[in-house]
Structures are given as C-alpha cells and as structure tokens.
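Quick note on my numbering: the sequence shown kicks off at 1147 and runs consecutively.
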Amino acid sequence: MTIKEIQDDIVDEFSMFDDWMQRYEYIIELGKSLPIIEEQFKTEDNVIKGCQSKVWVHAEQNDEKVVFTADSDAILTKGIIAILIRAFSNQKASDILDANTDFIDEIGLKEHLSPTRANGLVSMIKQIKMYALAFSAKN
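Set out below in structure tokens:
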C-alpha cells in the first residue's frame, strides 16, 4: 500500500467515531499494537526532542524500505506515534520525504491535542522525515 492509501484508511477509521472521547480511546488502542522499539535503542539519541513525554523512535533500512519502531511512556503519545509509524513504516525513503501529512488535520488530531502534545506531534513527524532524509542521502 502507498502512504496515501494508508493515510486514507486512517481517515476513514477515524470518521467512524462520533466524538473525540471515542477517538482518544481508539488512539490508545492503536498504541497497544505499536511495533515496540528494542531496549537497546531506547537511548537519548532516539528520544524525540520537543515532546512532553518520552518518545523513542528508531529507524532501519530493510532493502529499500525504512522500518520504524517506537515506544513512549505515555499511552496517548504511544497511540499517536503508532499512527505515524503505520503511515510511514515499510516505505521508501523518497516516498516518506514526498508524503504530506494532511491526514493529521483531516482526522482533527492537532486541534484536539494540548499545545505541548501538538508540538510533540510536529517533532515526531520531523524526526521521521529526518530519518528518511538520512537514508535517502546514504543511497
């Protein structure tokens, strides 16, 4: 699936919920299915700067695709990074760099987060794009 197709699926899933309490619960559920980062990668280098809670993101290149794993010490944040990883993991670095993140606005996520969590979300997206940039420069 392309990044856009995955993002469209996520938007469709969120449109099934009537209110934001249900959406928050769904985000927390998504966090439970997050591909968890190995302990050895829970280092300061992999911590997302600008997040209120601790979020670790690790990326590896597998063939031509970038594979992300992550974890967080907060359940809502774990769900947010799970959404991003679902959209961007197992994709080519160039596709990650070219992808837009409008789906975040479409599901209304940014506007329903506290300002510090919204900043953290932006930082997570930046870090994912930075990993993709590094892998694309390497190739």
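We put the CB at the ideal spot given by N, CA and C, even for glycine.
Model, not experiment: these values are computed from the prediction.
Rounded to the nearest whole angstrom, the C-alpha separation of V1213 and E1175 is 21 Å.
With respect to the 8 Å criterion, I1227 and S1218 are classified as neighbours on the basis of their beta carbons. The residues I1149, in chain order, have a CB closer than 7 Å to that of D1241 in the same chain once the five nearest residues on each side in sequence are set aside. In this structure I1182 does not touch G1266 by the C-beta definition: roughly 19 Å separates them, more than the 8 Å allowed. If you check the CB distance, G1254 and K1224 do not come in under 8 Å. Every unbroken stretch of the alpha helix (DSSP H) spanning 4 or more residues and falling wholly within the stretch 1191-1258 is given here in chain order: 1221-1234, 1239-1244, 1248-1252. For W1166, same chain residues with a beta-carbon under 8 Å away, outside a window of 5 residues either side, are G1254, H1258 in chain order. Here M1270 is buried: its Cβ has 16 or more other Cβ atoms, across all protein chains shown, within 10 Å. Going by beta carbons, Q1186 and T1262 fall outside the 8 Å limit. Cα atoms of V1203 and K1188: separation of roughly 8 Å, rounded to the nearest angstrom. Rounded to whole angstroms, the separation of the alpha carbons of A1205 and Y1170 is 26 Å.
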